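Residues in the sequence shown are numbered consecutively from 1, following this note's numbering.
Written out below as structure tokens is the structure these notes cover.
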Amino acid sequence: MADPAPLTRPTVAAVSSSMLDQVFYDPGTQEMTVDFVKGGNYTYSGVPAEVAAAIIAAPSVGKAMHALVLPAKYSYRRNR
């Protein structure tokens, strides 16, 4: 499977995942906000469009988040 195209405009994606409900990405700010199934909403800063696109398109969104974002690769803040 080819790599997904980078996101070039603000995108909201409902995802099929046991970990995440929704992903919002803004390429202008390089911020990705995610809603976790078990609660919590976090915004990750400095996320490249290619990474956000890969997470949204991944067969396992949770595995992609763990591999590409969660090992403290990007600064983040908890929104709620």
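Where is the CB? At the ideal position from N, CA and C, for every residue including glycine.
None of these values were measured; they are calculated from a predicted model.
Measuring CA to CA, which of the options is closest to residue i?
i            : options                       : result
aspartate 21 : Lys38, Pro59, Arg80 and Ala53 : Lys38
arginine 80  : Pro10, Ile56, Phe36 and Gly62 : Phe36
proline 6    : Gln30, Gly40, Val15 and Gly62 : Gln30
proline 4    : Ala72, Gly62 and Pro48        : Pro48
glycine 62   : Glu50, Arg9, Val15 and Pro10  : Val15
Would you identify the three-state DSSP class for residue i, choosing helix, strand or coil?
i           : result
leucine 7   : coil
leucine 68  : helix
arginine 80 : coil
valine 15   : coil
On the criterion of 16 or more Cβ atoms from any shown chain inside 10 Å, does residue i qualify as buried, or is it exposed?
i            : result
valine 12    : exposed
serine 75    : exposed
serine 17    : buried
methionine 1 : The pLDDT assigned to methionine 1 is 49, lower than 50, so where the model puts this residue is not dependable, and the model offers no usable value.
alanine 72   : exposed
Confirm the yes/no value for this check: CB of residue i, any heavy atom of the ligand SAM, distance under 7 Å.
i          : result
proline 48 : For the structure depicted, the ligand SAM is absent and the ligand set is empty, with no information on it obtainable.
Mind pulling the beta strand (DSSP E) runs of 3 or more residues that sit fully within the segment 26-63?
If we require 3 residues or more, the beta strand (DSSP E) runs fully inside the segment 26-63 come out as 31-36 and 41-45.
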